Structures are given as C-alpha cells and as structure tokens.
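K.L.:
Would you mind keeping the following structure in view while I ask a few things?
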Amino acid sequence: DQQVKQNSPSLSVQEGRISILNCDYTNSMFDYFLWYKKYPAEGPTFLISISSIKDKNEDGRFTVFLNKSAKHLSLHIVPSQPGDSAVYFCAASAEQSWGKLQFGAGTQVVVTP
Amino acid sequence: GAVVSQHPSWVICKSGTSVKIECRSLDFQATTMFWYRQFPKQSLMLMATSNEGSKATYEQGVEKDKFLINHASLTLSTLTVTSAHPEDSSFYICSARGLTSGPYEQYFGPGTRLTVT
Chain L
822 DQQVKQNSPS
832 LSVQEGRISI
842 LNCDYTNSMF
852 DYFLWYKKYP
862 AEGPTFLISI
872 SSIKDKNEDG
882 RFTVFLNKSA
892 KHLSLHIVPS
902 QPGDSAVYFC
912 AASAEQSWGK
922 LQFGAGTQVV
932 VTP
Chain P
-3 GAVVSQHPSW
7 VICKSGTSVK
17 IECRSLDFQA
27 TTMFWYRQFP
37 KQSLMLMATS
47 NEGSKATYEQ
57 GVEKDKFLIN
67 HASLTLSTLT
77 VTSAHPEDSS
87 FYICSARGLT
97 SGPYEQYFGP
107 GTRLTVT
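First to last, the sequence lines map onto chains L and P. When we follow my numbering, the leftmost residue of the first sequence carries the number 822, and every step to the right adds one. When we follow my numbering, the leftmost residue of the second sequence carries the number -3, and every step to the right adds one.
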C-alpha cells in the first residue's frame, strides 16, 4: 500500500513562475519529510527536508510546507528555472524505522522558456 | 563530499544468469546501505537495508535468496541478482548513510540499469 502519494505525475511551468508540487501521506508515524530531485539514469539528490515539529522550511528558491492535520506537504520553487526540469520525489520517514524512506511516485516538472 | 558510486551503470544479462552490482561510498564510511529498485515512472521501492558486518534486512515481498546483499566493508555493498529473469529488469539504486550522518541522511548512487533478456 502506497503510504506516500504524489497525485500529479507531471507539471509544466513557465520560467520565472512558481512551481508547486504536492505530496500526501497516510502514515501518522512519519515525522520527517524530504524532497529529492532526480534526472534520468541518475540517483536522487537531496533538495530540502522538514521535521514534523515545523510547518515550513526554506532554502533559497525552495520552500517546503507541512500540514500535519491534512497529512499534506508541498514544495514551492520560485522562481522556476530551466535547470529545475527533473522528476521530484517526496519521501517520508518515521523515527522508529531507523531512517528508512518511503517514496512517492514522483512528479515530472518541465520548465518552459 | 558524500559521493556514492555504482558499478556497472548498465548491464544486460541472459535469463538464468546472475549479475552483481557494486555500491561504493567514495569519501566516507557507510555504516548503513540501502538498496532500491525503480520501475519506469514509479517510485523507488526499498528492497533491503544492510549494516556493515551484519545480515541484510529485507522488506516484505523481497526474496532474500534471489537478491543477495553483502556489506562486508564500510565502503562497499554488493547486490547479486541470482538466476535473473526478465521481470527483474529494473533500475537498481543504492544509497549510503555514514558514521556521522543524521538518521535521515542518505546519499544516493547513480543507479544501475539491469536488462534481462
């Protein structure tokens, strides 16, 4: 059963605009959430994370928002750049799972000029 | 820092043969390594977790006799797909966590594309 869901398989956004990627989870034991970026035939690279004790974390152009009551998180990228075109994975972990990550299916982002 | 390599990057093998994939942490000591597989347009699915010097812990539904994992040193883990079949064709990715890493830190390798004919 998929515990982390990214319901939008793809997203197209114009350069300079905001990209908003969404992620939902079902396991209330998850207490740490991460976003990864992945290019084809490469491993994921870490972007940004958030602990369940926070509702927002910002790092440059990337901001992650967490709504625990809705079991929902989102990644905002602003402004979007052509180099942001990639697949973005949401991942979640529970302290009791010793750092094992559950991944969503990913969202393909295409940034157009 | 925190570079993880995988070898080979891609491999084609015949059905019934075995293939070994290596995962190395190049500039840090990896106490824990994770093995994932990814089917096209799907998420990364954790197959197993290995701690150096210990037996790997496999996720539910993963055949431990088919996917042999060895983590004999702090810089090397291997995944051997035994008696491979076409349905084992997938993208296999490893990740590593170091001695000084936080519990959620994982550094991913570039992946290995396995095609079984």
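C-beta: ideal position from N, C-alpha, C; glycine also. Being a predicted model, the structure only gives us computed values, none of them experimental.
1) Would you check if there are 3 or more beta carbon pairs closer than 8 angstroms linking the segment 36 to 45 of chain P to the segment 917 to 925 of chain L?
2) Take L/C844 and list the residues in its own chain whose beta-carbon comes closer than 6 angstroms to its own, dropping the five residues that flank it on each side.
3) The beta strand (DSSP E) that contains P/T78, what's its start and end?
4) Give a yes or no on whether the minimum CB-CB distance between L/F924 and chain P is below 8 angstroms.
5) Can you round the beta-carbon distance between L/A907 and P/G107 to whole angstroms, since I take them to be within the 8 angstroms contact cut?
6) Going by DSSP, which residues form a beta bridge with P/I8?
7) Determine whether the beta carbon atoms of P/R20 and P/S5 lie at a separation below 8 angstroms.
8) Using a Cβ-Cβ cut-off of 6 angstroms (strictly less than) and excluding sequence neighbours within five positions of L/M850, which residues of its own chain qualify?
9) Could you compute how far the alpha carbon of L/W856 sits from the alpha carbon of P/D61?
10) State yes or no: is the beta carbon of L/S914 nearer than 8 angstroms to at least one beta carbon in chain P?
11) Helix, strand or coil, according to DSSP, for L/G774 in the structure here?
12) What residues in its chain sit with their C-beta under 7 angstroms from that of L/V932, if we drop five residues either side in the sequence?
13) Got a sec: which bits of the segment 35 to 62 of chain P sit with their beta carbon under 8 angstroms from any beta carbon on chain L, in order along the chain?
14) For P/A26, which residues does DSSP report across the bridge?
15) Quick check on P/R33 - is its C-beta less than 8 angstroms from some C-beta in chain L?
16) So with CB distances below 9 angstroms, who are the chain P contacts of L/A986?
P.N.:
On the basis of the supplied data:
1) yes
2) Q827, L894, C911, G925
3) No beta strand (DSSP E) contains P/T78, which DSSP labels as neither H nor E.
4) yes
5) Between L/A907 and P/G107 a beta carbon distance of about 14 angstroms is seen, past the 8 angstroms cut, so the two are scored as non-contacting.
6) P/T111
7) no
8) A915
9) 32 angstroms
10) yes
11) It is not possible to answer for residue 774 of chain L, since the shown part of chain L is limited to 822 through 934.
12) Excluding positions up to five away in sequence, the list reads V834, E836, S901, Q902, P903, D905, S906.
13) K37, Q38, S39, L40, M41, L42, T45
14) Its beta-bridge partners are P/G94.
15) no
16) Shown here, chain L extends from 822 to 934; a query on residue 986 of chain L therefore has no answer.
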